[in-house]
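Chemist: I am attaching a structure below and will ask some questions about it afterwards.
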Amino acid sequence: MDNLESQEMELLALQNIYEERDFKIDEMNPLSGRFAAQVRLPQSFLIRYRSFQGSLDSQDNEVHAEESFHIEHLPPIDLCFRFPETYPLQTCPAFLLSCNWLTLKQLSDLCRHLESVWDSNRDAILFTWFQFLQDEILDFLKINDSLDITELLKFKIQDNFRTRVPSNDESCDDSGGTATKDCSLQDMKTISEILNLKPSISGGFIKRS
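Residue numbers 0 to 208, in numbering that gives the first Met the number 0, belong to the letters of the sequence shown in order.
Dropping the structure here:
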């Protein structure tokens, strides 16, 4: 069986396993597609963050409050992939990981792990990757019963201030973006409103002789 036949059989098998909303084939030459990994969460999973209260303590330090809320689902981790001609035996698939609740460092660690998994197997690897992203990623990242998004929110708020100059009477906009320093994070009602940014990291195309 040549590489192209192996690639086509792998994608056909995956189409029979996953729903179309989660797994799609985009191009046939070269073969490419995408997968939306629905991460399985433990019960009573929390989103946590520290919010700025708009006041200072006696030493002029910002006063923060710990906020948290329960969720049942996180936005999926998106994996786009493309098969090189020498996949699966010689070359790792090229891929792009995108997720709006992980940091760039976490995404980079995941990319290195996926590459090492292919390097250890040198065979059809997508199903193994998909299972890892859905079932094992929280353990890999040492995320137990909660996810702290404080650093992601800092980046989002800084980005908003860089890209727009608010007027004095401006308040939080409808999308949940922070328009002025007095906007409360409590006004953001869903995680999709909190996490509008979607960091992405690419990997793959490792060739082994």
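Idealized CB from N, CA, C, for every residue including glycine.
1. Based on the DSSP output, what are the partners of residue 36 in its beta bridges?
2. In its own chain, which residues sit with a C-beta less than 7 angstroms from the C-beta of residue 86, not counting the 5 before and 5 after it?
3. Out of curiosity, what's the CA-to-CA distance linking residue 82 and residue 113?
4. For residue 23, list the residues DSSP reports as bridge partners.
5. Pick out whichever of 109, 202 and 84 has its Cα sitting closest to the Cα of residue 28.
6. Quick one: measure Cβ to Cβ for residue 78 and residue 117, integer angstroms, because I've assumed they're closer than 8 angstroms.
7. Run through the segment 63-122 for me and flag every whole alpha helix (DSSP H) of 4 or more residues, listed as ranges in chain order.
8. Return helix, strand or coil for residue 3, following the three-state DSSP convention.
9. Taking DSSP as the reference, what is the three-state secondary structure of residue 148?
10. Is residue 114 near the ligand ATP, with its Cβ less than 6 angstroms from a heavy atom?
11. With DSSP run on the structure shown, which of helix, strand or coil describes residue 136?
12. If you reduce the DSSP assignment to three classes, tell me which class residue 16 lands in.
13. Measuring straight from C-alpha to C-alpha, what distance separates residue 64 and residue 145?
14. Let me make sure I understand the geometry here. Which of 49, 45 and 33 has the alpha-carbon closest to that of residue 96?
15. In this structure, what does DSSP give as the bridge partners for residue 46?
16. Using CA coordinates, which residue listed in 70, 106 and 109 is at the minimum distance from residue 41?
17. Using only the alpha-carbon positions, how far apart do residue 107 and residue 76 sit?
18. Tell me whether residue 11 is buried or exposed, calling it buried when 16 or more other Cβ atoms sit within 10 Å of its Cβ.
19. To the nearest whole angstrom, what separates the beta carbons of residue 138 and residue 39, a pair I think is in contact under 8 angstroms?
Modeler: With the structure as the only source:
1. 76
2. 2, 6 and 92
3. 15 angstroms
4. 33
5. 84
6. With a Cβ gap of about 13 angstroms, residue 78 and residue 117 do not count as contacting.
7. 103-120
8. helix
9. Assignment of residue 148 by DSSP, reduced to helix, strand and coil, places it in the coil class.
10. Annotation note on the ligand ATP: not contained in the displayed structure, which lists no ligands.
11. helix
12. helix
13. 17 angstroms
14. 33
15. Answer is 68 and 146, bridged to residue 46.
16. 70
17. 13 angstroms
18. Here residue 11 is exposed, its C-beta having fewer than 16 other C-beta atoms within 10 Å.
19. That pair is no contact at about 11 angstroms.
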